[in-house]
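The structure appears below as structure tokens.
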Amino acid sequence: MAYKFLKPQLYLSISVKRLFATTALFLFALLSNAGEKVLVETGFESPDDVQILEIADYTSAIAQAGDKSEVVSGENSLVLDNMSSRDKFPMLFSFKPETFKNGKLYICTFDYKVIKLGEGKSNHVYFHRDKKRGGEGFLDYIKFGRKVGEKGSIKCVARVPADSKIPTRLAMTSYKGSRIAIDNFKLVERDWNGDWFFDKKIFFGVKNTLVERNFTKLDDPIFEIPRDKFFPMLDQYGQFRHRQWKGKITCDEDFQKRLDEEKKFNASLKKIEDRDKYGGWISKYKFQPTGKFNLAKINDKWFFVTPEGNPFWSLGCNAVGSPSYTTLDEREFYFSELDKNYIFPGTHHSKGYGKPGEKSRVYSFTRRNDFIKYGSDGHRDGKMEKAKRLVDRLQKWGLNTLGAWSYNPALESQRMPYIIQVNSPRDILIKTSSSEMISHWSSMPDFFMPNFQEKLESILEKNRALIESPYCIGVLVDNELSWQSKSGVLGNALLSSPPDQPAKIEFCKMLRKKYSDIEKLNEAWKFDYKDWDDFLSNTDFKTSDTPAFSGDMDSFEKIFAEKYFSACRNAVKKISPGTLYISCRFAWRNPIPVIVASKICDVVAMNLYGLLPSEKTNIPEGFADTPIMIGEFTFARIDKGNFGVYGACACRSQKERISRYKDYITDALNNPKIIGAHWFAWADQPVTGRPDGENYAFGIVDICDTPEYPMVKAMHEISSKMYAIRNADKKDK
2 MAYKFLKPQL
12 YLSISVKRLF
22 ATTALFLFAL
32 LSNAGEKVLV
42 ETGFESPDDV
52 QILEIADYTS
62 AIAQAGDKSE
72 VVSGENSLVL
82 DNMSSRDKFP
92 MLFSFKPETF
102 KNGKLYICTF
112 DYKVIKLGEG
122 KSNHVYFHRD
132 KKRGGEGFLD
142 YIKFGRKVGE
152 KGSIKCVARV
162 PADSKIPTRL
172 AMTSYKGSRI
182 AIDNFKLVER
192 DWNGDWFFDK
202 KIFFGVKNTL
212 VERNFTKLDD
222 PIFEIPRDKF
232 FPMLDQYGQF
242 RHRQWKGKIT
252 CDEDFQKRLD
262 EEKKFNASLK
272 KIEDRDKYGG
282 WISKYKFQPT
292 GKFNLAKIND
302 KWFFVTPEGN
312 PFWSLGCNAV
322 GSPSYTTLDE
332 REFYFSELDK
342 NYIFPGTHHS
352 KGYGKPGEKS
362 RVYSFTRRND
372 FIKYGSDGHR
382 DGKMEKAKRL
392 VDRLQKWGLN
402 TLGAWSYNPA
412 LESQRMPYII
422 QVNSPRDILI
432 KTSSSEMISH
442 WSSMPDFFMP
452 NFQEKLESIL
462 EKNRALIESP
472 YCIGVLVDNE
482 LSWQSKSGVL
492 GNALLSSPPD
502 QPAKIEFCKM
512 LRKKYSDIEK
522 LNEAWKFDYK
532 DWDDFLSNTD
542 FKTSDTPAFS
552 GDMDSFEKIF
562 AEKYFSACRN
572 AVKKISPGTL
582 YISCRFAWRN
592 PIPVIVASKI
602 CDVVAMNLYG
612 LLPSEKTNIP
622 EGFADTPIMI
632 GEFTFARIDK
642 GNFGVYGACA
652 CRSQKERISR
662 YKDYITDALN
672 NPKIIGAHWF
682 AWADQPVTGR
692 PDGENYAFGI
702 VDICDTPEYP
712 MVKAMHEISS
722 KMYAIRNADK
732 KDK
């Protein structure tokens, strides 16, 4: 049994001699629960207590805490130290793979205290099965201990598949070094009969299932439910049957109770004063009324300006009132009750479920629930009643903008500012054999396609009345285009496009103008094209590391972006000269198209999912003095019935969600360039996923249209003081 120590022991050191002498003391202790046993349980109170080391195949420098400031609880704690390591992720400890048996569940818990941190400032504990050998990678992964003095508790849970051939490891690392004390360490093994929850033939058509580690731990009682009792997993209202939460609908009569509750709640909210009819700020700051939304600065901070001339910061919500749909085909056993009146024809959007574009049947819980609650679903009847209801709620709650994909009659009601979003033509996509040209949502359109601008004008013409309205803040063209995160990828990918690819033809024109002779191009790139026709017809993917090559790739990417944004701007201004043109929503981006957009667009839109927008904007050098609108952001609840998790956006409680929302909007309000932020989205997505599989609890109302009252109250609070925050402590200029 070998143990590796990185440096001499500190304080009451555990010697290797004592370690070997006490090996025989390690025993499995059975718990009273059937099928469960404790592998290790220790508080490290005695120097002879080495259970944890019996199953370790690596530890960093270890000691029992002698300095009381290092003790987590009791008289002693175990100290792990890898501060002397130069590795990026030095190990603190790891357990032998043979500790973990197939078909079992393992639960690791311990308390910790951070004593020192390297520059990386974080620690990690995880169960892992090596992907390179055919495993799933991280089975459970927890990041913790981000500041010195931090104390807390960890619970890490993983199951080893019954047919596993890949070893499972439990390990703890730090990022660039850590000294950490741990205590009350416990590792438990349990019987596990829930492998069927991981069967993709049972759970499909959703991006996330309930086995996602951020949604629930595998020791949750849910996983003890046998398959024949688990399904159907949704009730007749689209709610997950196996969790309970405040406000969950249990019968049709509950909808009337929710109406009464909301009426009382809305009456308790104070009217926000000093707002014009568009939600603009009535103050000493006044601009020339233009009859349309415009832009201006106050104290070097950008604002929209309402048609009446008042400053306006866009606090909006996307998809307000839009119904959601979930796919039925081959998944009927998910649902306990289906109303045939709410089954509609649809298409697949998910690559993992059917073929994209293939016909399918979809079901709308939101439309059915609206009918039960209001007596109409707002689509077959009651459109204007629904539109009025939606706008009334938003105005009462403090939101001032109907974001993208919102219920069209609400826009037509002309009672609240809105964003018009359209998609540009997709007639020709960029075809390439380049593996670097990641498709993201879809392949990149070729904006050099014939008559691109004219076709976009035809699309905009259909929305002329809404675009020319004074309530239209601006026109946003395209959502999350597949700009690559690295510059130069687009041009390089075009080298393997077919000869009739419009963008490749334009690329060739650019190169011929620069080099004139193909031999000059070959010399600069270290290629061997025979002539310019060979350049066009060659579809073999090539690349080069010469400065000329990378420079030409960037040059064409700039031309490509200029073509796109200029054509879109011209189209918008032709339909309505006074309307603001908002760029596509940037989700994936590199500096070149972002800089180009800042010089052509009136406003640049970015989808910034994360804890704070200031951490995500990444404004490149060369970005013009142009305002930024956050097209999407959110924080999703995972303490209800939706399995969907989304990185840093996943919140384990309503309290955490509210705290993150307030921090996010406050950060945005303090950013001089940001002039609005739109929450995604109005309602929770279906537990069983929309047609592309997304199934997050993003909503400010749930799938039964019940408001998240604490969240709504937080939005109203922010709205009440947002102009004071934005213009705080600034002298007039």
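Residue numbers 2 to 734, in this note's numbering, belong to the letters of the sequence shown in order. All C-beta atoms, glycine included, are put in the ideal place defined by N, C-alpha and C.
Expressed to the nearest angstrom, what Euclidean distance is found between the alpha-carbon atoms of residue i and residue j?
| i | j | result |
| --- | --- | --- |
| residue 244 | residue 657 | 20 Å |
| residue 723 | residue 472 | 21 Å |
| residue 132 | residue 334 | 32 Å |
| residue 340 | residue 316 | 36 Å |
| residue 594 | residue 499 | 24 Å |
| residue 693 | residue 296 | 36 Å |
| residue 272 | residue 485 | 45 Å |
| residue 309 | residue 418 | 13 Å |
| residue 283 | residue 307 | 10 Å |
| residue 1 | residue 218 | An answer regarding residue 1 cannot be provided, because it is not within the stretch 2 to 734 covered by the chain. |
| residue 553 | residue 492 | 8 Å |
| residue 300 | residue 267 | 35 Å |
| residue 659 | residue 528 | 57 Å |
| residue 641 | residue 241 | 8 Å |
| residue 107 | residue 61 | 23 Å |
| residue 45 | residue 77 | 6 Å |
| residue 121 | residue 488 | 28 Å |
| residue 748 | residue 437 | The displayed coordinates of the chain run from 2 to 734. Any statement about residue 748 would go beyond what the structure contains. |
| residue 714 | residue 558 | 45 Å |
| residue 318 | residue 394 | 12 Å |
| residue 232 | residue 366 | 18 Å |
| residue 86 | residue 70 | 23 Å |
| residue 661 | residue 50 | 42 Å |
| residue 15 | residue 82 | Residue placement at residue 15 cannot be trusted, given a pLDDT of 36 that sits under 50; what the coordinates show is reported in the next sentence. Whole-angstrom Cα-Cα distance: 14 Å. |
| residue 461 | residue 483 | 22 Å |
| residue 138 | residue 711 | 37 Å |
| residue 21 | residue 52 | Legend: pLDDT at residue 21 = 29, less than 50; position of this residue unreliable, value from coordinates given subsequently. Residue 21 and residue 52: Cα-Cα distance of roughly 11 Å. |
| residue 653 | residue 636 | 10 Å |
| residue 522 | residue 568 | 30 Å |
As a quick exercise: from the options, pick the residue whose alpha carbon is nearest that of residue i.
| i | options | result |
| --- | --- | --- |
| residue 614 | 565, 674, 574 and 567 | 674 |
| residue 209 | 496, 696, 171 and 706 | 696 |
| residue 688 | 633, 703 and 448 | 703 |
| residue 716 | 497, 396 and 531 | 396 |
| residue 643 | 150, 246 and 88 | 246 |
| residue 626 | 638, 74, 602 and 610 | 602 |
| residue 392 | 415, 70, 611 and 362 | 415 |
| residue 150 | 630, 118 and 171 | 118 |
| residue 578 | 181, 293 and 41 | 293 |
| residue 709 | 398, 180 and 362 | 398 |
| residue 276 | 517, 312 and 556 | 312 |
| residue 372 | 248, 639 and 238 | 238 |
| residue 96 | 188, 253 and 701 | 188 |
Under the assumption that residue i contacts residue j (Cβ atoms under 8 Å), give the Cβ distance between them as a whole number of angstroms.
| i | j | result |
| --- | --- | --- |
| residue 1 | residue 125 | Limits of the chain in this structure are 2 at one end and 734 at the other, which puts residue 1 out of reach. |
| residue 468 | residue 580 | 6 Å |
| residue 111 | residue 183 | 5 Å |
| residue 589 | residue 350 | The pair is not a contact, with the Cβ atoms about 19 Å apart (cut-off 8 Å). |
| residue 1 | residue 497 | Since the first and last residues shown for the chain are 2 and 734, residue 1 lies out of range. |
| residue 146 | residue 181 | 6 Å |
| residue 631 | residue 598 | Actually they are not in contact, since the Cβ atoms of residue 631 and residue 598 sit about 15 Å apart, beyond 8 Å. |
Please confirm if residue i has its CB atom under 8 Å from at least one CB of chain C.
| i | result |
| --- | --- |
| residue 617 | The structure shown contains no chain C; it holds only a single protein chain. |
Next item on the list: Would you check if the region 313–322 and the region 682–694 touch, i.e. whether three or more CB-CB distances between them fall below 8 Å?
Entry: yes
Item checked: Cβ contact check for the region 336–344 and the region 667–674: 3 or more pairs under 8 Å -> no
Checklist line | 4 or more residues per run - each alpha helix (DSSP H) lying fully within the region 252–283 | finding: 254–269
Item checked: Completely contained alpha helix (DSSP H) runs for the region 439–515, where each covers 4 or more residues -> 453–462, 465–469 and 490–495
Notebook entry, point to check: At a cut of 8 Å, does the region 272–290 reach the region 375–392 through at least three beta carbon pairs?
Noted result: no
Checklist line | beta strand (DSSP E) runs contained entirely in the region 545–628, provided each spans 3 or more residues | finding: 581–587 and 604–608
Check: Pairing CB atoms from the region 55–66 with CB atoms from the region 192–206, are three or more of them under 8 Å?
Finding: no
Margin query: When you compare the region 506–525 with the region 392–404, are there three or more beta-carbon pairs, one atom per stretch, that lie closer than 8 Å?
Written below: no
Margin query: Report the start-end ranges of each beta strand (DSSP E) in the region 340–403 that is 3 residues or longer and not cut off at the edges.
Written below: 344–348 and 360–364
Margin query: For the structure I just gave you, are there three or more beta carbon pairs, one from the region 529–536 and one from the region 570–588, closer than 8 Å?
Written below: no
Note to self: Below 8 Å, how does it come out for the region 175–182 and the region 91–99: are there three or more Cβ pairs, yes or no?
What the structure shows: yes
Notebook entry, point to check: Can you give, in chain order, each stretch of the alpha helix (DSSP H) that sits fully within the region 175–240 and has at least 4 residues?
Noted result: 228–231
Next item on the list: Could you name each continuous beta strand (DSSP E) segment of 3 residues or more that falls completely within the region 634–685, going from the start of the chain to the end?
Entry: 675–680
Next item on the list: Go through the region 103–128 residue by residue and report every complete run of the beta strand (DSSP E) that reaches 3 residues or more, in order.
Entry: 105–118
Item checked: Every unbroken beta strand (DSSP E) within the region 302–340, with a cutoff of 3 residues, ordered by chain -> 302–306 and 315–318
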